[in-house]
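Last residue of the sequence shown: number 1026 in the working numbering, and the count goes up by one each step with no gaps.
A virtual CB, placed ideally from N, CA and C, is assigned to each residue, including glycine.
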Amino acid sequence: MSTSAAATGALAPAAQPDAPALALHGLVKRYGGRTVVDGLCLEAQRGAVTAVLGPNGAGKTTTIEICEGLRVPDGGTVRVLGLDPRADAALLRPRVGVMLQDGGLPSGARALEVLRHVSAMYASPRPVAELVDRLGLDSFARTTVRRLSGGQRQRLSLACAVVGRPELVFLDEPSAGMDPQSRHAVWDLVRELRSDGVAVVLTTHLMDEAESLADVVHVVDHGTVIASGTVAELLATGAHGGAETVARFTAPPHFDPAALTAWLTAHGASGASVTVGRRTLEDVFLDLTGRNLR
């Protein structure tokens, strides 16, 4: 599946309203003798933003590429809108939007020409003018893709992913390289998609982006899901990853440092790291996956 895939006119099976838009069970993918996806299970619901987070090499990109029909799994089941992403690719093309970080856009074409071309492939697309206005594409409409900045290319790629009114959209680092104004315009569009009942699957390294947008977060490492829940649920877990041997505590904004230090020393935790302020999703992510570079 790709942003430029044409609607085929084939009739898709009627969707079950309570069924997840994306369901992965026991997913396995190997390259040579190395297992990069190892029994992974997760679901993404309609009308929700599902964030898939993980360090580099965790297996999340391979997982998403399997969902998009770009790779063949070695085990497990994958259902996208109730269908097999490879066997039923023709039925899924008009129903699924894909935003790849590298864009996959023709480098010699002008930005607005690309969006109009993609729009023409769908039976009932969103108005091109609306997306141009929402994502500020008019400022570089006549610029070729190869000359766009990283943030401009991301905005064009997002417009191409959603112009066909998808039921499910995969967004890979949607605000990478963007200035704050563009970033918030993208976030507003993602929230609108959710309100319209679209299932949004978001992969990002920006923890504040996931914290702001996600209804459900799945943290992936070593090819499997190691934690799942709402942002609030994950923040409440106080999870501590095995990669750290020093305890970490998050202290409230108002506390007595001397009394806390004395308590930690008395309980054998004098080397603990104390963070003053609100626990964040980044804290949880680092607790779960460790602080070592990958």
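Start-to-end residues for the beta strand (DSSP E) that takes in residue 917: Here the question's residue 917 lines up with position 185 in the sequence shown. Premise fails: residue 917 lies in the alpha helix (DSSP H), 912–927, not in any beta strand (DSSP E).
Which of helix, strand or coil DSSP assigns to residue 862: Counting from one through the sequence shown, the residue named residue 862 turns up at place 130. Residue 862: helix per DSSP, three-state reduction.
Can you find the residues in the same chain that come closer than 8 Å, C-beta to C-beta, to residue 797, ignoring five residues on each side of it along the sequence? As a working note, residue 797 is residue 65 in the sequence shown. Once the five neighbours on either side are set aside, the close Cβ partners of residue 797 are 803.
Excluding the 5 residues preceding and the 5 following residue 759 in the sequence, name in chain order all residues of the same chain whose CB lies nearer than 6 Å to its CB. For this step, residue 759 is matched to residue 27 along the sequence shown. Excluding residues within five positions, the ones whose Cβ falls inside 6 Å are 769, 772, 805, 808.
In or out: residue 891 buried (at least 16 other Cβ within 10 Å) or exposed? Here residue 891 corresponds to residue number 159 of the sequence shown, with the count starting at 1. The residue in question, residue 891, is buried, as its Cβ has 16 or more Cβ neighbours within 10 Å.
Please work out which residues of its chain come closer than 7 Å, Cβ to Cβ, to residue 781, disregarding the five sequence neighbours upstream and downstream, and give them in chain order. Here residue 781 refers to the residue found at position 49 when the sequence shown is read from its first residue. Same-chain partners within the cutoff: 922, 926, 932, 934, 945, 946, 947.
Where in the segment 799–876 do unbroken runs of the alpha helix (DSSP H), each at least 4 residues long, occur, reported from the N-terminal end onward? 821–824, 843–851, 860–866
So who's on the other strand from residue 766, going by DSSP bridges? One-based indexing of the sequence shown puts residue 766 at position 34. In the DSSP output, where bridge partners are listed per residue, residue 766 has 763.
Helix, strand or coil, according to DSSP, for residue 775 in the structure here? For the purposes of this step, residue 775 is taken as the residue at position 43 of the sequence shown. Here residue 775 sits in strand by DSSP.
Identify whether residue 940 lies in helix, strand or coil by the three-state DSSP scheme. If you number the sequence shown from 1, residue 940 lands on position 208. Looking at residue 940 - three-state DSSP - the assignment turns out to be helix.
Please state whether DSSP places residue 880 in a helix, a strand or coil. The sequence position of residue 880 within the sequence shown is 148, counting from 1. Reduced to three states, the DSSP call for residue 880 is coil.
Given that a residue counts as buried once 16 or more other Cβ atoms are within 10 Å of its Cβ, and exposed if not, what is residue 968? Counting from 1 along the sequence shown, the entry for residue 968 is found at position 236. Answer is exposed; the Cβ neighbour count stays below 16.
Just to confirm the assignment, what range does the alpha helix (DSSP H) spanning residue 1018 have? If you number the sequence shown from 1, residue 1018 lands on position 286. Taken as a continuous stretch (DSSP letters only), the alpha helix (DSSP H) holding residue 1018 covers 1013–1021.
Quick one: Cα of residue 820 to Cα of residue 757, how far? Along the sequence shown, read from residue 1 onward, the residue named residue 820 stands at position 88. Along the sequence shown, read from residue 1 onward, the residue named residue 757 stands at position 25. Cα to Cα, residue 820 sits roughly 18 Å from residue 757.
Is the beta carbon of residue 939 closer than 9 Å to that of residue 785? Here residue 785 is taken as the residue at index 53 of the sequence shown, counted from 1. Here residue 939 is taken as the residue at index 207 of the sequence shown, counted from 1. It is a contact, given that the beta carbons lie within the stated cut-off.
In this structure, does DSSP put residue 930 in helix, strand or coil? Counting from 1 along the sequence shown, the entry for residue 930 is found at position 198. Residue 930 falls in the coil class under three-state DSSP.
Give every residue of the same chain whose Cβ lies closer than 6 Å to the Cβ of residue 766, excluding the five residues on either side of it in the sequence, and list them in chain order. Along the sequence shown, one-based indexing puts residue 766 at 34. Here the set comprises nothing.
Just verifying my parser: in three-state terms, what is the DSSP assignment at residue 889? By one-based count along the sequence shown, residue 889 stands at place 157. Reduced to three states, the DSSP call for residue 889 is helix.
Neighbourhood of residue 816 by C-beta, 8 Å cutoff - its chain only, sequence neighbours within 5 removed: In the sequence shown, the residue the question calls residue 816 occupies position 84. Once the five neighbours on either side are set aside, the close Cβ partners of residue 816 are 810.
Per DSSP, what kind of secondary structure is residue 755 in: helix, strand or coil? On the sequence shown, position 23 is the one that residue 755 refers to. In the structure shown, residue 755 sits in a strand (DSSP, three-state: E or B).
Comparing alpha-carbon positions, which option in 937, 999, 951 lies nearest residue 1019? Position 287 of the sequence shown, counted from the start, is the residue given in the question as residue 1019. Measuring from the Cα of residue 1019, the nearest candidate turns out to be 951.
Quick one, which of 915, 857, 893 has its alpha-carbon nearest residue 883's? To locate residue 883, count along the sequence shown from 1; it is residue 151. Considering only alpha carbons, the answer is 915.
Tell me, to the nearest whole angstrom, how far the beta carbon of residue 824 is from that of residue 847; I am working on the premise that it is less than 8 Å. Working through the sequence shown from its first residue, we reach residue 824 at position 92. Working through the sequence shown from its first residue, we reach residue 847 at position 115. Not quite, the Cβ-Cβ distance comes to about 21 Å (not below 8 Å), so this is no contact.
Give the range of the alpha helix (DSSP H) segment to which residue 962 is assigned. Translated into positions along the sequence shown, residue 962 becomes position 230. Per DSSP, residue 962 belongs to no alpha helix (DSSP H) and is neither H nor E.
Straight-line Cα distance separating residue 874 from residue 801: The residue you call residue 801 lines up with position 69 of the sequence shown. The residue you call residue 874 lines up with position 142 of the sequence shown. For residue 801 and residue 874, the distance between alpha carbons rounds to 32 Å.
Please classify residue 993 as buried or exposed, where buried requires at least 16 neighbouring CB atoms within 10 angstroms. Sequence index remark: in the sequence shown, residue 993 carries index 261 (1-based). Under this definition residue 993 is an exposed residue.
Following the continuous beta strand (DSSP E) through residue 904, name the residue where it begins and the one where it ends. Counting from 1 along the sequence shown, the entry for residue 904 is found at position 172. That run of the beta strand (DSSP E) goes 900–904.
Taking residue 813 and residue 900 to be in contact with their CB atoms under 8 Å, please state how far apart those CB atoms are, rounded to whole angstroms. By 1-based counting over the sequence shown, the position of residue 813 is 81. By 1-based counting over the sequence shown, the position of residue 900 is 168. Yes, they are in contact, since the Cβ atoms of residue 813 and residue 900 sit about 6 Å apart, within 8 Å.
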